[in-house]
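Just so we're aligned, residue 504 is where the sequence shown starts under our numbering, counting upward by one. Cβ coordinates follow ideal geometry from the N, Cα and C atoms, glycine included. Reviewing the structure listed below.
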Amino acid sequence: MDKIAVYLGTIAFFDISLSAGINAYFANYLGGMLRKAACAIRPYELNKGETDRVTEQAVKLITQAMETGGDLEKSVSRAVDLFDAIKRTEGGGRPRVALFGDIYTRYNDVINQDLIKLIEANGAEVVITPQSEYYKIVADAYIRKWIYEGSYFQAAAVKVLMKIIPAVEKRFNRLFSRLFPVQSETLPLAPSEVLARYRVRNEHSGESMDNLLKTCALAAGDLPITLFVQASPAFCCPSLVTQAMSKQIETVTGVPVVSIEYDGSGSYKNDSVIPYLKLLS
């Protein structure tokens, strides 16, 4: 372990290079869109397990294109074709359950004990937020904070990136729109107005503040959210703070919140969400 180097830079990777930041963003974006496609299709598949098999193939296609400098748009198009060929029931109509909280916990099937599959097995459709969408939701709040703190370069770099990225994403969104409605989650109010409902200020930052903005943006989307599930590791401070605000999140968004903590002990933690799912279905 003492030989392992640790990256101490920002999540944007701008301290390495601008291209590193852009490539990291698109890795997050495409990975998130593939997961979003899987969650939109799997509950309605006719041949059980087909969506998971296609997802693995799609990840390999796009990974190879990014590693070798291949035609990324062509690889995404082939991946979309694979998803589109999955036979499924018509109509959809399941209750939509949105996940939020710690990124590793909510999307790691081992630590969250297959939470997504459990929700689907109990009659709902899972809504996930690609990390690229999360960046867009919280970007304005952080830009204003950095300007207030005098971090002008960081604020300017992110602002420029947020202007460039949507134009580049458009060609991929056109392809993914064959599988599910592609829309950017946006806040219905200025970040400061959303945060004021929780007595939080623009000067605050971190996962708890991000959760407030994210839940507000999801609830304001065109497609209704019927339940929020917060997935968190045990003893995580931001998660505990968010959990303490769950009643206010429900008041502000109109969507009930279920919080699940995973402590790594092996004991099953997902029981608490099942009664809500039964009522929804």
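In the DSSP assignment, LEU783 is bridged to no other residue. For GLU593, the number of other beta carbons within 10 angstroms of its own is below 16, and it is reported as exposed. Taking 9 Å as the cut-off, the Cβ atoms of LEU682 and PHE586 count as close. Within the model, the alpha-carbon separation for ILE525 versus LYS662 is close to 13 Å.
Assigned with DSSP and collapsed to three states, GLY604 falls in strand.
Short of 7 Å from the beta carbon of ARG704, and not among the five residues preceding or following it, lie these beta carbons of its own chain, in chain order: LEU698. The beta carbon of GLN567 sits closer than 8 Å to those of GLY573, SER578, all from its chain and outside the five residues before and after it, given in chain order.
DSSP places GLU764 in the strand class (E or B) of the three-state scheme. Rounded to the nearest angstrom, the Cβ distance from LEU715 to THR632 is 14 Å, too far for a contact under 8 Å. Taking the C-beta atoms as reference points, ARG597 is found nearer than 9 Å to PRO546. Here DSSP, grouped into helix, strand and coil, assigns GLN616 to coil. A Cβ-Cβ distance of about 6 Å is found for the pair LEU780 and ILE622, placing them in contact under the 8 Å criterion.
Residue pairing of GLU710 in beta bridges, as defined by DSSP: absent, with no partner found.
The DSSP-derived three-state label of ARG538 is helix. In this structure, the alpha-carbon of ALA644 lies about 8 Å from that of SER708. Taken atom to atom, the span from the alpha-carbon of ILE752 to that of ALA561 is near 36 Å. In this structure, the straight-line span from the alpha carbon of THR571 to that of VAL776 is close to 42 Å. Burial state of VAL600 is buried, judged by a 10 Å Cβ sphere holding 16 or more other Cβ atoms. The count of Cβ pairs closer than 8 Å, one atom from the region 667 to 685 and one from the region 522 to 538, reaches three, so the stretches are in contact. With 16 or more other Cβ atoms from the protein chains shown falling within 10 Å of its own Cβ, ASN615 counts as buried. Only residues of its own chain outside the window of five on either side were considered, and among them GLU688, LEU690, LEU716, LYS717, ALA720 have a CB closer than 7 Å to the CB of ILE640, listed in chain order. If you ignore the 5 residues before and after ALA523, its C-beta comes within less than 6 Å of the C-beta of PHE516, all in its own chain and listed in chain order. A distance below 9 Å separates the beta carbons of VAL557 and ILE589.
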